[in-house]
Every structure is written in structure tokens, then in C-alpha cells.
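Position 144 of the sequence shown, counted from 1, bears residue number 210 in my numbering, the numbering being contiguous throughout.
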Amino acid sequence: MSLYRGEKVLDGTAFFTESLPFFFNRAEESFDLQMHSHRFVEIVLVAEGEGFHFIDDQVVRVARNDMFLLPAGTKHVFRPCHAGPRRPLIVYNCLYEPNKLRSRLECLPGFEELRRSRLCLFGEDAAEPPRPYHLKDGSGQWSTWFRTAYREYTERNSGYLLRLYSLFVELAVMLERHLERRETRLADGPENRAMEEVVHQIDASFHTPLTARSLATASHLSERHFHRLFRQYAGCTFNDYVRKKRIETSRELLASTRLSVKEIMRTVGYTDKKHFLSLFKQMTGVSPSEYRRQAGPIAWTNEIQ
Numbered sequence: 067m068s069l070y071r072g073e074k075v076l077d078g079t080a081f082f083t084e085s086l087p088f089f090f091n092r093a094e095e096s097f098d099l100q101m102h103s104h105r106f107v108e109i110v111l112v113a114e115g116e117g118f119h120f121i122d123d124q125v126v127r128v129a130r131n132d133m134f135l136l137p138a139g140t141k142h143v144f145r146p147c148h149a150g151p152r153r154p155l156i157v158y159n160c161l162y163e164p165n166k167l168r169s170r171l172e173c174l175p176g177f178e179e180l181r182r183s184r185l186c187l188f189g190e191d192a193a194e195p196p197r198p199y200h201l202k203d204g205s206g207q208w209s210t211w212f213r214t215a216y217r218e219y220t221e222r223n224s225g226y227l228l229r230l231y232s233l234f235v236e237l238a239v240m241l242e243r244h245l246e247r248r249e250t251r252l253a254d255g256p257e258n259r260a261m262e263e264v265v266h267q268i269d270a271s272f273h274t275p276l277t278a279r280s281l282a283t284a285s286h287l288s289e290r291h292f293h294r295l296f297r298q299y300a301g302c303t304f305n306d307y308v309r310k311k312r313i314e315t316s317r318e319l320l321a322s323t324r325l326s327v328k329e330i331m332r333t334v335g336y337t338d339k340k341h342f343l344s345l346f347k348q349m350t351g352v353s354p355s356e357y358r359r360q361a362g363p364i365a366w367t368n369e370i371q
């Protein structure tokens with residue numbers, strides 16, 4: 067059963083002009099927007115609230131300062147945790163045409179040296195197509211960048227066009243340095259690389275039977291050492307991480323689909339209904355049926371907001 071009624075492919079005709087191959091906005095996410103993809107690149111920063119981000123076949127829990135770089139063709143949609151107006155999910159969006167933007171920046175001295183960020187931002191390596199990239203804004207620099215770019219784009223004071231292009235240069239440099247630090251950190255810590263791969267596998271396969279023993283064996287670690295490293299890396303136990311992932315996804319499915327509780331239970335990897343109902347209430351404070359009722363009616367439209 068599909069989670070959404072169809073998928074929409076968006077082109078840039080509604081967003082870009084010859085002089086502005088980019089577009090910025092600040093929007094409140096809802097349950098109205100359907101799963102969609104673009105023929106352009108999108109960068110999204112969560113500014114307020116909490117929710118879920120469906121990206122291709124994955125579901126990611128999001129909160130303030132989560133940022134995503136989504137290459138052309140990526141299927142995605144955001145969903146807030148709650149349907150009411152009290153705790154909205156607010157995001158900044160940056161859309162741009164990669165080929166046109168790159169052609170206007172590549173003449174700058176040193177631009178060709180930004181190997182990592184050029185691949186993420188413009189997908190220049192045909193042998194290694196860009197993938198969705200998720201990072202957390204711990205320092206606040208990405209939030210500052212988005213606020214500044216959004217203000218320049220909407221207010222359009224004197225020199226705004228030059229300032230916006232300079233902000234994309236700043237973005238490329240910030241991303242290059244971030245990716246360089248990440249490479250260094252991973253190179254210095256093979257155990258961190260192993261745990262990163264384990265978390266990626268859980269996020270992609272949490273609905274299947276997963277055990278710490280099997281993942282420890284695949285990582286060439288003892289089970290005891292695996293548990294210690296996982297808690298150190300993820301900040302919680304292996305079992306807590308899997309349970310949290312499954313219940314978070316259950317909440318999203320209850321709020322945004324018409325799947326029955328039994329179907330949702332099986333979708334996230336549980337077979338014992340009594341155990342699922344008990345765990346769901348323990349972690350959310352309400353039953354699945356009550357949670358769905360509180361989330362409100364599901365609306366379906368074909369409009370992008």
C-alpha cells in the first residue's frame with residue numbers, strides 16, 4: 067500500500083529566472099504536500115519544531131538545525147509531529163539550478179579546488195552521482211547563512227544579486243571545510259566508521275529482524291564491545307535506538323496515512339500486537355488510535371507550498 071497518492075515532479079519554471087537561478091523561502095510544513103521530486107537541487111534547514119523527513123525509502127526524525135542537501139531526482143516530503151498550530155514545523159528552502167549556478171561560479175579563482183563541495187552541490191562526478199546529505203548545524207553557521215540569504219532574496223536591497231552569489235561561494239567553502247573535517251575524523255576513527263555504517267543500516271532496515279549479535283559479527287566486533295561502541299556513538303543502547311526508530315515511524319504513519327494499526331505494526335517490524343501497543347503507549351503516552359485521533363484528519367492536495 068502506498069504511503070502517498072502519487073508523486074509529483076517539479077521543474078524550475080515557477081521558481082527561477084535568467085538572472086536568478088535560485089529561490090529561497092520560509093514555509094510551514096503540513097500534511098498537504100505529497101511526496102515529490104525536483105529537476106533541481108534543494109537545500110532545507112529545519113528552523114523550528116520537530117517532525118519527520120521521508121527521503122526516498124528512509125524516514126528521518128528531524129528537529130531544529132537539521133539540514134539536508136537533496137540532489138535532483140530525490141523523492142522526499144516533510145511531515146510535522148503534530149497537525150495543530152501550536153508546534154509548527156518551519157523550514158527554510160533553497161532551490162537552485164546546479165548547471166547554471168556552477169557556470170557563474172567556476173570562473174572564480176580557487177573554485178576548482180573545492181572538490182568535495184562541488185560534488186555535493188553540483189554533482190560534477192558522473193562516476194559518483196550525488197546522494198542526499200544530512201548534517202546537524204551544531205555551530206549555527208548554516209542557520210545564519212539561511213537567514214541572511216532569505217533576507218537578501220526577499221528584501222532585494224541594492225546589491226542583493228551580487229550578495230546572493232557571494233553567499234553561494236561562502237556556502238561552498240563552509241561545506242568543503244565541513245566535509246574535510248568529517249573525512250579526517252572518520253579516517254582517525256575506524257570504530258566510528260563502523261558505527262556510522264551500523265546506524266545507516268538500522269535506519270534503512272529497522273523494519274526487518276535486527277540483532278546486535280548479527281551486526282557485531284558483520285562489524286568484526288565482540289557483542290560486548292559492539293554495545294559499548296554503539297552507546298558511545300549514538301548516545302543510547304542498540305535496542306533503544308531500534309525501538310525509537312520504529313515508534314517514531316509508527317507515529318508518522320498514523321498521522322499521514324490510512325494504514326490500519328495492524329498494518330503499521332507490521333510495516334515497522336513488530337509481529338506481537340500486545341507488545342507493540344504497550345511499547346507505543348509507554349513511549350508516547352497514548353494508544354495508537356488516540357494518537358491518530360489527536361493528529362487530526364489527513365488532507366491530500368497536489369499543491370506545493
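Backbone N, C-alpha and C fix where the C-beta goes; we use that ideal spot for every residue, glycine too.
Tell me the DSSP secondary structure of residue i in three-state form.
{"i": "H286", "result": "coil"}
{"i": "Y162", "result": "strand"}
{"i": "P198", "result": "coil"}
{"i": "R222", "result": "coil"}
{"i": "L345", "result": "helix"}
{"i": "A93", "result": "strand"}
{"i": "R324", "result": "coil"}
{"i": "V352", "result": "coil"}
{"i": "F81", "result": "coil"}
{"i": "V75", "result": "strand"}
{"i": "V157", "result": "strand"}
{"i": "R332", "result": "helix"}
{"i": "R145", "result": "strand"}
{"i": "F88", "result": "strand"}
{"i": "E236", "result": "helix"}
{"i": "T337", "result": "coil"}
{"i": "S205", "result": "coil"}
{"i": "R152", "result": "coil"}
{"i": "Q360", "result": "helix"}
With a threshold of 16 other CB atoms inside 10 Å of the CB of residue i, please say whether the residue is buried or exposed.
{"i": "D123", "result": "exposed"}
{"i": "L228", "result": "exposed"}
{"i": "D132", "result": "buried"}
{"i": "E318", "result": "buried"}
{"i": "R222", "result": "exposed"}
{"i": "G206", "result": "exposed"}
{"i": "H104", "result": "buried"}
{"i": "R145", "result": "buried"}
{"i": "N368", "result": "Residue confidence for N368 is low, a pLDDT of 30 falling below 50, so the modelled location carries little weight and cannot support an answer."}
{"i": "R248", "result": "exposed"}
{"i": "R184", "result": "buried"}
{"i": "S85", "result": "exposed"}
{"i": "V334", "result": "buried"}
{"i": "L361", "result": "Sequence inspection shows Ala at residue 361; the Leu mentioned does not correspond to that position. Classification for A361: buried."}
{"i": "E58", "result": "It is not possible to answer for residue 58, since the shown part of the chain is limited to 67 through 371."}
{"i": "R359", "result": "exposed"}
{"i": "H291", "result": "exposed"}
{"i": "P87", "result": "buried"}
{"i": "A129", "result": "exposed"}
{"i": "C302", "result": "exposed"}
{"i": "E218", "result": "buried"}
{"i": "V126", "result": "buried"}
{"i": "H286", "result": "exposed"}
{"i": "V110", "result": "buried"}
{"i": "H341", "result": "exposed"}
{"i": "V34", "result": "Since the first residue of the chain shown is 67 and the last is 371, residue 34 is not available in this structure."}
{"i": "A80", "result": "exposed"}
{"i": "E270", "result": "Residue identity check: residue 270 is Ala in the sequence provided, not Glu. By the neighbour-count rule (16 or more Cβ atoms within 10 Å), A270 is not buried but exposed."}
{"i": "P196", "result": "buried"}
I believe residue i touches residue j by the beta-carbon criterion, under 8 Å. Please report the beta-carbon distance rounded to the nearest angstrom.
{"i": "Y162", "j": "F212", "result": "The Cβ separation is near 13 Å, so there is no contact."}
{"i": "P90", "j": "A215", "result": "For the record, residue 90 in the displayed sequence is Phe; it is not Pro. The Cβ separation is near 6 Å, so the contact holds."}
{"i": "M349", "j": "K339", "result": "M349 to K339, Cβ: 16 Å. No contact."}
{"i": "L435", "j": "V235", "result": "Outside the displayed span of the chain (67 to 371) sits residue 435, for which this structure offers no information."}
{"i": "C160", "j": "E108", "result": "7 Å"}
{"i": "F394", "j": "A149", "result": "Residue 394 lies beyond the residue range present for the chain, which begins at 67 and ends at 371; the question has no answer from this structure."}
{"i": "F134", "j": "P164", "result": "The Cβ separation is near 16 Å, so there is no contact."}
{"i": "N258", "j": "Y299", "result": "6 Å"}
{"i": "R182", "j": "L245", "result": "4 Å"}
Consider the Cβ of residue i: report whether some Cβ of chain C lies at a distance smaller than 8 Å.
{"i": "D132", "result": "In the structure shown, chain C does not exist; there is a single protein chain."}
Less than 7 Å between the CB of residue i and some heavy atom of the ligand GTP, yes or no?
{"i": "R290", "result": "For the ligand GTP, the structure offers nothing, since it holds no ligand at all."}
**Request:** Assess, as a yes-or-no matter, whether the segment 195-203 is touched by the segment 176-184 under the definition of 3 or more beta carbon pairs within less than 8 Å.
**Result:** Using a Cβ-Cβ distance cut-off of 8 Å, the segment 176-184 and the segment 195-203 are not in contact, since fewer than three pairs of beta carbons, one from each stretch, lie closer than that value.
**Request:** Could you tell me whether the segment 110-128 touches the segment 144-162, where touching means 3 or more Cβ pairs closer than 8 Å?
**Result:** At 8 Å Cβ cutoff, the stretches touch.
**Asked** What beta strand (DSSP E) runs, 3 residues minimum, are completely inside the segment 95-140?
**Response** The segment 95-140 contains these whole beta strand (DSSP E) runs: 102-104, 107-114, 117-121, 124-128, 132-136.
**Three CB pairs or more closer than 8 Å across the segment 342-351 and the segment 304-315** = Touching, per the Cβ criterion.
**Any alpha helix (DSSP H) of 4 or more consecutive residues that is wholly inside the segment 238-321** = Within the segment 238-321, the complete alpha helix (DSSP H) runs of at least 4 residues are 256-271, 278-284, 289-300.
**Prompt:** Counting Cβ pairs closer than 8 Å, one from the segment 233-241 and one from the segment 257-264, do we hit at least three?
**Reply:** Counting Cβ pairs under 8 Å, fewer than three are found: no touch.
**Asked** Does the segment 267-278 come close enough to the segment 319-326 that 3 or more CB-CB pairs lie under 8 Å?
**Response** No, because fewer than three Cβ pairs between the segment 319-326 and the segment 267-278 fall closer than 8 Å, the two stretches do not touch.
**Item:** Length at least 4, wholly inside the segment 163-187: the alpha helix (DSSP H) runs in chain order
**Value:** 164-171, all fully within the segment 163-187.
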